[in-house]
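These notes are about the structure you will find just below.
Protein chains in written order, with UniProt numbering: chain A, 1 to 259; chain R, 1 to 259.
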């Protein structure tokens, strides 16, 4: 299989760097083809701007969404964006590995999402009307591919538990897992979270690698998070609210799971 | 009062740019002193790296948290970081204005948080032991200051409602409002959200400005979101889980509100 690892940490010799190296080796040993987008090493430009369309005219105020559409359609996207889209299209599974900074992905990775997910590629896909609100949330260009977050935290596991002060990890990750991954069609696997990574000795590192290896070995037989599909009948359109008879009375993120 | 607006949009002539200009003018007309951190105009560096400590030796692998601490303590932070910290310390209220991109703040603003919130400034403040887990979540250097998010969305309001497909806006913003703003001590005001901003004519723009003005006029008499304080007795330490008798049986983000 073709596996893409999108990875963000500024230090190759960090725990994250070592875990990423381990994952690459482990996947290659299992016969997979691995590509790595090492965002810091690539000096990835995080900020969306007019330079993302190489044919930007400058005649009108810069509209990020419109110029993204224009550039994607005309084939005038910045080369770094087009290259990442190609990697995504070639991948059977995508792993996003990063330290959890301020309860989300590092800025450089957020900027990867914002720039690579062009209008027409990551969103704005399919018919948009009052009866069909695009191919998204379970449909889209990433349909049939799998994605998984792998993230490290200094904090303790109970801090991220259902009554932990930071909020439950699954809810903190919902904007990414549902909003960034399910949105363009990925099947999203449960995340792999490593807690208390501030001090990781060799014994603990070996444990982390083993946990990582198990998840990599089971990429194709782990059940995805059962996020509801937008266009499978659960949602009213165009309000895009759950129909009354679906998960009656339930509100919040959990209502979007088809348990 | 001193008000800081941290603002992120690449186009000055955008709706966001116009709203920001309106807010500055409105606040100044009311006699406030306004500072603006216009992140795109400042060419803000989004990514954390070793350059953030001007005294970085390069002798050891770069540890973002440790070097942040070293630089903050030694006064060797990059000048752009120190300048933003100074603005925060001088502010009575801070407004973060941005388009909601992929259900969070733009990468350039996330990078502002990651770099400006140094160890010793945004986190790592106060005693850290098994009986006191830092001055955070209601305490910290921003205690006594107010913060508010102002964000624009292309999507419709029902899409962000309690049963809307994107998830409720208040939950999508929890990682920012609780994890980024309440964490260093801000009193966090309810967000100001503008929906369906893809096409905004003059009539609608005037309505948005009026709504913005009302929120600005009431910065000091709007009740903050009642997030629980970490060190006020609701949480067991060091597990940092809600004590059994606090919001018994409740889980998730809402359990951290002292309603």
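For every residue, glycine included, the Cβ atom is placed at its ideal position computed from N, Cα and C. The structure displayed is predicted, hence computed values, not measured ones.
When you measure from the CB of residue i to every non-hydrogen atom of the ligand SAM, does any distance come out below 7 Å?
i	result
residue 197 of chain A	Ligands in the displayed structure: none, and consequently the ligand SAM is not present.
Once you ignore the five residues that flank residue i on each side, which residues in its own chain have a CB closer than 8 Å to its CB?
i	result
residue 109 of chain R	6, 8, 39, 96, 98
residue 162 of chain R	168
residue 72 of chain R	118, 119, 120, 121
residue 111 of chain A	44, 45, 46, 47, 48
residue 153 of chain R	99, 100, 160, 193, 194, 195, 196, 197
residue 33 of chain A	1, 2, 3
residue 219 of chain R	1, 3, 93, 146, 148, 189
Should residue i be labelled buried (16 or more other beta-carbon atoms within 10 Å of its own) or exposed?
i	result
residue 258 of chain A	exposed
residue 20 of chain R	buried
residue 241 of chain A	buried
residue 139 of chain A	buried
residue 202 of chain R	exposed
residue 232 of chain R	exposed
residue 133 of chain A	buried
residue 106 of chain A	buried
residue 255 of chain A	buried
residue 145 of chain A	buried
residue 210 of chain R	exposed
residue 29 of chain R	exposed
residue 57 of chain A	exposed
residue 88 of chain A	buried
residue 16 of chain A	buried
My understanding is that residue i touches residue j, with C-beta atoms under 8 Å, so please give their C-beta distance in whole angstroms.
i	j	result
residue 173 of chain A	residue 184 of chain A	Not really, about 16 Å apart at Cβ, beyond 8 Å.
residue 328 of chain R	residue 3 of chain R	Residue 328 of chain R is absent from the model: chain R starts at 1 and stops at 259.
residue 165 of chain R	residue 207 of chain A	Not really, about 38 Å apart at Cβ, beyond 8 Å.
residue 175 of chain R	residue 10 of chain A	Wrong, their Cβ atoms sit about 22 Å apart, outside the cutoff.
residue 103 of chain A	residue 179 of chain R	4 Å
residue 116 of chain A	residue 84 of chain A	4 Å
residue 50 of chain R	residue 62 of chain R	5 Å
residue 123 of chain A	residue 182 of chain A	Going by Cβ atoms, the distance from residue 123 of chain A to residue 182 of chain A rounds to 12 Å, so no, they are not a contact pair.
Identify which residue in the options has its Cα closest to the Cα of residue i.
i	options	result
residue 197 of chain A	A:157, A:83, A:227	A:157
residue 213 of chain R	R:27, R:133, R:13, R:36	R:27
residue 142 of chain R	R:42, R:128, R:176, R:186	R:186
residue 222 of chain R	R:194, R:78, R:208, R:188	R:188
residue 24 of chain A	A:127, A:36, A:14, A:123	A:36
residue 216 of chain A	A:41, A:182, A:150	A:150
residue 31 of chain R	R:237, R:1, R:209	R:1
residue 53 of chain R	R:144, R:67, R:59	R:67
residue 236 of chain A	A:131, A:219, A:107	A:131
residue 239 of chain A	A:61, A:129, A:204	A:129
residue 18 of chain A	A:41, A:199, A:205	A:205
residue 42 of chain A	A:250, A:218, A:12	A:12
residue 224 of chain A	A:177, A:249, A:248	A:177
For residue i, which residues in the same chain have their Cβ closer than 7 Å to its Cβ, ignoring the five residues on either side in sequence?
i	result
residue 234 of chain A	228, 242, 243, 246
residue 74 of chain R	55
residue 171 of chain A	253
residue 69 of chain A	119, 120, 124
residue 59 of chain A	none
residue 81 of chain A	52, 115, 116, 118
residue 22 of chain R	209, 212
Kindly list the residues whose CB is nearer than 6 Å to the CB of residue i, restricted to its own chain and excluding five residues on each side of it in sequence; keep chain order.
i	result
residue 94 of chain A	4, 147
residue 226 of chain R	257, 258
residue 135 of chain R	125, 126
residue 77 of chain R	71
residue 200 of chain A	15
For this session: Tell me the start and end of each unbroken beta strand (DSSP E) in the stretch 86–174 of chain A that is at least 3 residues and wholly inside, in chain order.
Result: As far as the stretch 86–174 of chain A is concerned, its whole beta strand (DSSP E) runs of at least 3 residues are 93–99, 146–152.
Problem set entry | Unbroken stretches of the beta strand (DSSP E), 3 residues or longer, contained in the stretch 17–97 of chain A | You should have 33–38.
Exercise. Taking only runs of the beta strand (DSSP E) that begin and end inside the stretch 172–220 of chain R, which ones reach a length of at least 3 residues, in chain order?
Worked result: Counting whole runs of 3 or more residues, the stretch 172–220 of chain R contains the beta strand (DSSP E) stretches 192–194.
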